[in-house]
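Just below is one structure, and these are the notes that go with it.
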Amino acid sequence: SRLNSDGELADPPQELVELLAASARYARATGGAFDPTVQPLWTVYANHFGVAEADPNGPSAADIRGAVAKCGYQRVTVDAGKVAFGQSGMALTLNGIAQGYITDRVAELLRARGVTHTLVDMGETRALDVHPAGRPWSVGIKNPRAEDRLIATVALDNQAVSTSGGYGTEFDAAERFNHIFDPTTGLCANRYLSVSVVAPTATCADALSTAFSVMPID
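So in this note's numbering, spot 43 of the sequence shown is number 1139, and the numbers just go up one at a time.
This is the structure:
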């Protein structure tokens, strides 16, 4: 994107301003565990494993430290007139929140047009009211070890659910390195197979499931 390549974007779309403001809120709420500025880490891992005979142990510690130094949501300035990075080499990825945001926008548009008692799934899932039968919606959670099976179901009533897991995108054949990064250490999230969060909105559920993937249970 122009923002990532130039380090700033004048007259950003209102939707981007809203999404970045929400990202900053969830970053603060999770102590930085959710951080939309981890794109430099993605680049380091993708470049490392994108070459033949890549070291199976992953990028060098120096490369990871260099990428971590370019992360930090606090250094993104957002207002109606401009979005700008406070350091050269920074870059955004909204993969940890954008699907939830889009799901909410679609749900809000449907509700504004009088649609009720429906389930919206745009990558994350949000329920508008209860099922037409008067019961909560039952939404299945995929088993990360066998995606054609369910590991659990959750009941939704005007709520949303999001699941994050490293099994979604791995960089290596051994599946040791995935697309969810700890912004502090630069390491990939391997603490849990998957994390599911039920929340009032899909934006919230999406951001928190991403953050909780790198946080201890306590």
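Ideal Cβ positions, reconstructed from N, Cα and C, are used throughout, including at glycine.
Apart from the 5 residues on each side of it in sequence, T1214 sits with its Cβ closer than 6 angstroms to the Cβ of L1224 in its chain, given in chain order.
Nearest neighbour of A1123 by Cα position, chosen from A1307, V1179 and V1235, turns out to be A1307.
It is roughly 23 angstroms from the alpha-carbon of R1231 to the alpha-carbon of R1245. Within the same chain, R1287 come within 8 angstroms of P1312 by CB-CB distance, once the 5 residues on both sides are set aside. In the DSSP annotation of this structure, the continuous segment of the beta strand (DSSP E) that includes A1106 starts and ends at E1104 to A1106. One thing to note: V1235 has its Cβ no nearer than 8 angstroms to the Cβ of T1212. The alpha-carbon separation between E1243 and L1289 amounts to approximately 12 angstroms. Under the Cβ criterion (8 angstroms, minimum of three pairs), the stretch 1198-1209 does not count as touching the stretch 1152-1171.
Excluding five sequence positions before and after H1227, the CB atoms of its chain that fall closer than 7 angstroms to its own CB belong to H1213 and W1233, given in chain order. Within the model, the alpha-carbon separation for V1310 versus S1260 is close to 11 angstroms.
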